[in-house]
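Comments concern the structure below.
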Ligand code: NAD
Ligand code: UD1
């Protein structure tokens, strides 16, 4: 089928493009390049020997999207495009609400006009808010503690309401846990602008000498070693979840929600030590105060995706650490020379 990938030059989008092309799909990408480089798609072509068609297009640009939908017979949309920095969303909430929510509304409007009614949407484990109920199942109550999280919650609601209003829409909401790792070729990976907010890119930049020291945010949480626990998932496994969700859309009624995680929690210190062992190097770190807004523990119950999509994560923490490091080592400045 022909799949439109919004945000397809980004981290998760580019890995998903690889798997879509390898599976024989035609891929059309739209991205405004606000947080990515078009070079990622050249690398996707090096890996797969196949080309995705790229349009520099904003999801706020209704006319621009109409042109893309006119030029291709799109069968389904995988919707990654969005702003994703939690701290930034607190500082500039209107930009986040406009980009993520208005952008999604305009995309849905154009999809409706062209009779394209199948979508897989990037949601996040952040919609579970703060809860002691672990592992997290899809039926738990949701809440948000940042404008970013609110945009995910609101878009989930908008997509659900749309499916209730018109049963010809089929939409899958994928709640990602903590994506890390990179394609094993080392050609594509996460390319954060400026100083990374997330743990794995921070670790790889300390390993490369770009950053001096990792600050571990808190060692006084009620966990086995006092540091926060998360469900890290390899980005290629995550990408594969999108293909499985796409395969099932035809048979689906309305909205379905799936957690994409491994179901296993690792502490910050676990991840640092796994990285050191997997790559035979040392990470300089210190213990720092807790980061405001962080939850203590967060990991998935991923049995619904296993049962209904036939999907489960295949790669382990060693793969995550090796592949993240290979990408960083080969591309110290990301996609820039
Ligand atoms: P990313 O920033 O690498 O990719 C997002 C892409 O969307 C970028 O290429 C960016 O340029 C593009 N984009 C943003 N606004 C746009 C707009 N208005 N029009 C067109 N393109 C636009 O991020 P990612 O890590 O690949 O995340 C993809 C999706 O998954 C996002 O929606 C994110 O919120 C969600 N998500 C990510 C994580 C994570 O940890 N990476 C976790 C949970 C959910
Ligand atoms: C963060 C976002 C979340 C988003 C997810 C994936 C916040 C509060 N949450 O999740 O909404 O869905 O990214 O993009 O930003 N850590 C350190 N030192 C660092 C960085 C992180 O100790 O320099 C710790 C954190 O305290 C946490 C763990 O590492 O315990 C993982 O952090 P991170 O990678 O930022 O992801 P989350 O906070 O889980």
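Residue numbers (our numbering): 6 to 342.
Note that the Cβ used here is the ideal one computed from N, Cα and C, for glycine as well.
This structure is a prediction, so every number in the text was calculated from the model and none was measured.
Original post:
Is any beta-carbon of chain D found at less than 8 Å from that of residue 53?
Top reply: Judged by its chain identifiers, the structure shown contains no chain D, having just a single protein chain.
**OP:** Output the distance between the C-alpha atoms of residue 173 and residue 259, rounded to the nearest integer angstrom.
**Re:** 8 Å
Subject >> Residue burial classification, residue 99 (beta-carbon count within 10 angstroms, cutoff 16) >> reply: With fewer than 16 other Cβ atoms from the protein chains shown falling within 10 Å of its own Cβ, residue 99 counts as exposed.
Original post:
Skipping 5 residues on each side, what residues in its chain have a beta carbon closer than 6 Å to that of residue 93?
Top reply: none
Subject >> Candidates 309, 115, 279 and 96, of which the one nearest residue 124 by Cα >> reply: Ranked by Cα distance from residue 124, the first of 309, 115, 279 and 96 is 115.
Original post:
Taking the beta strand (DSSP E) that residue 189 falls in, what are its first and last residues?
Top reply: It is not in any beta strand (DSSP E) - residue 189 carries neither H nor E in the DSSP assignment.
**OP:** Please go through the same chain and pick out, in chain order, the residues whose beta-carbon is closer than 7 Å to the beta-carbon of residue 105, but skip the five residues on each side of it.
**Re:** For residue 105, where only same-chain residues beyond five positions count, the Cβ hits under 7 Å are 87, 88, 156 and 160.
**OP:** Using beta-carbon positions only, say whether residue 65 and residue 84 come within less than 8 Å of one another.
**Re:** Taking 8 Å as the Cβ cut-off, residue 65 and residue 84 do not qualify as a contacting pair.
Original post:
Does DSSP classify residue 327 as helix, strand or coil?
Top reply: helix
Original post:
Distance, Cα to Cα, residue 209 vs residue 320?
Top reply: If you draw a straight line from the Cα of residue 209 to the Cα of residue 320, it comes to about 19 Å.
**OP:** Flag this pair as yes or no: are the beta carbons of residue 242 and residue 318 separated by less than 8 Å?
**Re:** yes
Subject >> Beta-carbon proximity list for residue 300, same chain, < 6 Å, skipping 5 on both sides >> reply: 135
Original post:
In whole angstroms, what is the alpha-carbon distance linking residue 305 and residue 140?
Top reply: For residue 305 and residue 140, the distance between alpha carbons rounds to 5 Å.
**OP:** May I have the straight-line CA-CA distance separating residue 103 from residue 298, to the nearest angstrom?
**Re:** 23 Å
Original post:
Any chance the CB of residue 131 is under 7 Å from a heavy atom of ligand 3?
Top reply: As far as ligands go, the structure on display features ligand 1 and ligand 2 and does not contain ligand 3.
Subject >> Rounded separation between residue 26 and residue 20 - CA only >> reply: 10 Å
Original post:
Do you know whose CA, among 39, 70 and 224, lies nearest residue 101's CA?
Top reply: 39
**OP:** Examine ligand 1 and report whether any of its heavy atoms sits within less than 7 Å of the Cβ of residue 181.
**Re:** yes
Original post:
Where does the unbroken beta strand (DSSP E) through residue 341 begin, and where does it stop?
Top reply: Where residue 341 is concerned, there is no enclosing beta strand (DSSP E), given that its DSSP letter is neither H nor E.
Original post:
Among 178, 335, 307 and 219, which has the Cα closest to the Cα of residue 127?
Top reply: 178
Original post:
Opposite residue 219 in the DSSP bridges: which residues?
Top reply: 290
Original post:
Among 236, 138, 188 and 110, which residue has its Cα nearest to the Cα of residue 51?
Top reply: Considering only alpha carbons, the answer is 188.
**OP:** Taking all protein chains shown into account, decide if residue 75 is buried (16 or more other Cβ within 10 angstroms of its Cβ) or exposed.
**Re:** exposed
Subject >> 8 Å contact criterion, which residue 237 and residue 274 should meet: CB distance rounded >> reply: Contact flag wrong, Cβ pair sits at about 13 Å.
Subject >> Residue range of the unbroken alpha helix (DSSP H) whose run includes residue 70 >> reply: 67-76
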